[in-house]
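Chains as they are written, first to last, in our numbering: chain A, 4 to 636; chain X, -16 to 134.
What follows is the structure, encoded as structure tokens:
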């Protein structure tokens, strides 16, 4: 036979020098080297010339040579090719060789050929690719996002592993086709899903879509997807790349945030605790998809728990308002401090099972304490008939809601205290004013019954005196005038203090007397109208307010005419004092009430002390002037 | 006590101009000084005589029923029952049908006048009314010569 290493083939073999990455050798029937490229010889650490005519066991040391020669023997004996990867270390660097061993027939001889490929670099590239794939998968897993690619022409799909997981499918199976995919989309989202896909195929524009899928186990997930169509040479869309992200948790968190904020907002609108609790249990049941949600509140701040609000659990509704026993879940949580999460009552042996959960067939429960740990005010509980329906995140949402409730409760308590204090203050003001009224009245009566009568009696005595001397008549007249003046002054003072007419002549008599007095002092005319039914209810206060307002009408408003009306409106006495004076700018009223016009401020105090109101402003009929209205229940 | 005839017909006057009879007056006022002054005035009047005095409403009511005077001068403001109320009760009960009541007050005003008239009094006087005028008013009232034009 011809020298196998001769000719063109021999030149090619010789050209494969060290570092070329390809090694070639041919062995004869005795497995001796017939021909070997320098690159392969270098792998064994010898020169090519030294290996020709020798077996590998003679060239390669120890076990390596044995294994290599055994491979050749297997191929020579079986006539089947063999492929193996040979790790090697060259100059301290790990290298990998892919070695093909196969039988060849050449010139009637059965030879064995070896072709070795240095795959170190391609193996590294492969490893890098693998690593990058793993990183992508990790990122997709973390983002709950999966990518896909649809070869429209061949109708072939490629799905990333995470996309399988998101869709609740096994990555082992093939990706579903479009029809199977549509089956998993929630029914109400199928049409939009189809439309968006069809439009992308038509116009080739990127698109986004949100839709829900129903997993094989019945749970719903909310997905947000994006697709980027790719056009082929013909201009038609041939492929769509896309990704889909599972935003269920995000959407749920957003919805829960909104719900908690809504409860907080409601708490600020001044609704009662009753309404707030009712709205809260409904919101928690809705957000967490629970079957029963309840709020138990401690009675009297630190007493036993009573059920205050309930969502769902119709069979349990008769317990509303009733005390909960120490064996109830709420009582247990209150003792332990919570939060409590029971994924499945039937799979746990730690807690004593609360009677309610057993009776109503509840499988999973969560409960959190409302209010500060050291002084809890209640417990929020939630239950589901399905196991595993409550977890850490649900309990976290319930705690958020519980915090909103606790602050609402604290605010309501503070408001109640303000109301109580304001009522107490009102009572004190009323008491003080009553005391003042009594003092004025008793002084006025003392003036009437004492000095006034004395002076009047004295007047009679003087009137009956007969002048004895020439000057006496003049003196007597002067005394009489002086007495009359004193009587008149005392009457003025009495009207200011308290009109004694009130007791005999009633409101009309007393009010007319005051009006006449103030009208004379203020230089205006005064018309009085009193509904008989309005008298005898708040007479003292009506007189006091009217006196103050009439004095203002003269002093500040410079009125020419004043009208005073006392009427009865649904068991409330209404006093109107209307003048045609210069008026009082409305924006100045608070200031006037606050500082300048002590009288007006005290008038308002007096009206409010009995639960009434008092306001001063422009006239209701639009005419220039001021109108004061006091409502006295 | 005199035995003057009871009735509200004007007394018959004789030609000499002196009263054939004196009019009997009851006086009630819680102010002792004022009351005694008026009592002296009445006592000094030739045609009037004081038949009883009281210092509060209850006393006045009982005294008027007991004395059946021709005219009673009642202070409006008195402890217990006030003058207008005494007047109203006498009117309602009819227990002194012929007595004319004149009210007197330290704080006169038109509303009080209206109420006095409604209660059945024939006049309301201010306490500063000169003594002679008071006496004249009492006599006129006793003789049925004063009255209100109030329905």
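For every residue, glycine included, the Cβ atom is placed at its ideal position computed from N, Cα and C.
Pair within 7 Å by beta-carbon distance, residue i and residue j
{"i": "residue 23 (chain X)", "j": "residue 53 (chain X)", "result": "no"}
{"i": "residue 34 (chain A)", "j": "residue 47 (chain A)", "result": "no"}
{"i": "residue 108 (chain X)", "j": "residue 30 (chain X)", "result": "no"}
{"i": "residue 512 (chain A)", "j": "residue 95 (chain X)", "result": "yes"}
{"i": "residue 501 (chain A)", "j": "residue 447 (chain A)", "result": "yes"}
{"i": "residue 241 (chain A)", "j": "residue 155 (chain A)", "result": "yes"}
{"i": "residue 637 (chain A)", "j": "residue 567 (chain A)", "result": "For chain A, the structure presents residues 4 to 636; residue 637 (chain A) sits outside this window and is missing."}
{"i": "residue 67 (chain X)", "j": "residue 45 (chain X)", "result": "no"}
{"i": "residue 634 (chain A)", "j": "residue 544 (chain A)", "result": "no"}
{"i": "residue 459 (chain A)", "j": "residue 111 (chain X)", "result": "yes"}
{"i": "residue 47 (chain X)", "j": "residue 9 (chain X)", "result": "yes"}
{"i": "residue 122 (chain A)", "j": "residue 104 (chain A)", "result": "no"}
{"i": "residue 101 (chain X)", "j": "residue 84 (chain X)", "result": "no"}
Identity of the residue in the options nearest residue i by Cα
{"i": "residue 436 (chain A)", "options": "A:249, A:166, A:608", "result": "A:608"}
{"i": "residue 206 (chain A)", "options": "A:551, A:132, A:213, A:243", "result": "A:243"}
{"i": "residue 86 (chain X)", "options": "X:40, X:76, X:27", "result": "X:40"}
{"i": "residue 295 (chain A)", "options": "A:537, A:209, A:138, A:392", "result": "A:392"}
{"i": "residue 534 (chain A)", "options": "A:558, A:305, A:100, A:574", "result": "A:574"}
{"i": "residue 344 (chain A)", "options": "A:324, A:365, A:328, A:327", "result": "A:365"}
{"i": "residue 231 (chain A)", "options": "A:464, A:523, A:211, A:237", "result": "A:211"}
{"i": "residue 510 (chain A)", "options": "A:164, A:219, A:188, A:546", "result": "A:546"}
{"i": "residue 41 (chain A)", "options": "A:380, A:22, A:297", "result": "A:22"}
{"i": "residue 301 (chain A)", "options": "A:293, A:316, A:324, A:283", "result": "A:324"}
{"i": "residue 83 (chain A)", "options": "A:113, A:65, A:54, A:198", "result": "A:113"}
{"i": "residue 142 (chain A)", "options": "A:164, A:157, A:442, A:30", "result": "A:164"}
{"i": "residue 271 (chain A)", "options": "A:122, A:418, A:79, A:619", "result": "A:418"}
{"i": "residue 377 (chain A)", "options": "A:339, A:397, A:518", "result": "A:339"}
{"i": "residue 233 (chain A)", "options": "A:224, A:245, A:30", "result": "A:245"}
Neighbour-count burial assignment, residue i, 16 or more Cβ in a 10 Å radius
{"i": "residue 386 (chain A)", "result": "buried"}
{"i": "residue 65 (chain X)", "result": "buried"}
{"i": "residue 139 (chain X)", "result": "Residue 139 (chain X) is absent from the structure shown; chain X starts at -16 and stops at 134."}
{"i": "residue 596 (chain A)", "result": "Legend: pLDDT at residue 596 (chain A) = 49, less than 50; position of this residue unreliable, value from coordinates given subsequently. By the 10 Å Cβ count, residue 596 (chain A) comes out buried."}
{"i": "residue 555 (chain A)", "result": "buried"}
{"i": "residue 451 (chain A)", "result": "buried"}
{"i": "residue 626 (chain A)", "result": "exposed"}
{"i": "residue 17 (chain X)", "result": "buried"}
{"i": "residue 577 (chain A)", "result": "buried"}
{"i": "residue 306 (chain A)", "result": "exposed"}
{"i": "residue 624 (chain A)", "result": "exposed"}
{"i": "residue 590 (chain A)", "result": "Confidence in residue 590 (chain A) is poor, its pLDDT being 49 and thus under 50, which makes the residue's placement unreliable; the coordinate value appears in the next sentence. Residue 590 (chain A) is exposed by the Cβ-count criterion."}
{"i": "residue 114 (chain X)", "result": "buried"}
{"i": "residue 194 (chain A)", "result": "exposed"}
{"i": "residue 218 (chain A)", "result": "exposed"}
{"i": "residue 171 (chain X)", "result": "Because residue 171 (chain X) is not part of the residues shown, which for chain X are -16 to 134, the question remains open."}
{"i": "residue 422 (chain A)", "result": "exposed"}
{"i": "residue 186 (chain A)", "result": "exposed"}
{"i": "residue 115 (chain A)", "result": "buried"}
{"i": "residue 462 (chain A)", "result": "buried"}
{"i": "residue 43 (chain A)", "result": "buried"}
Contact list for residue i against chain D, beta-carbon separation under 7 Å
{"i": "residue 17 (chain X)", "result": "Given the protein chain composition of this structure (A and X), no chain D is represented."}
In DSSP terms, what residue i is bridged to
{"i": "residue 629 (chain A)", "result": "A:582, A:621"}
{"i": "residue 87 (chain A)", "result": "A:102"}
{"i": "residue 232 (chain A)", "result": "A:243"}
{"i": "residue 30 (chain A)", "result": "A:36, A:115"}
{"i": "residue 149 (chain A)", "result": "A:247"}
{"i": "residue 107 (chain X)", "result": "X:86"}
{"i": "residue 309 (chain A)", "result": "A:300, A:326"}
{"i": "residue 276 (chain A)", "result": "Answer by DSSP bridge pairing: none, since residue 276 (chain A) is not bridged."}
{"i": "residue 385 (chain A)", "result": "A:296, A:369"}
{"i": "residue 351 (chain A)", "result": "For residue 351 (chain A), which the question treats as bridged, DSSP gives no partner whatsoever."}
{"i": "residue 529 (chain A)", "result": "A:565"}
{"i": "residue 314 (chain A)", "result": "A:296"}
{"i": "residue 575 (chain A)", "result": "A:572"}
{"i": "residue 161 (chain A)", "result": "A:152"}
{"i": "residue 496 (chain A)", "result": "Paired residue(s): none; residue 496 (chain A) is not in a bridge."}
{"i": "residue 31 (chain X)", "result": "X:6"}
Residues from the stretch 97 to 109 of chain X in contact with chain A, defined by Cβ distance under 8 Å | 98
Would you list, in chain order, the members of the stretch 65 to 80 of chain X that have their beta-carbon closer than 7 Å to a beta-carbon of chain A?
-> 65, 67
Residues within the stretch 109 to 128 of chain X neighbouring chain A, beta-carbon criterion of under 7 Å = 110, 111, 113, 114
Of the residues that make up the stretch 38 to 57 of chain X, which ones have a beta carbon closer than 7 Å to any beta carbon in chain A?
-> none
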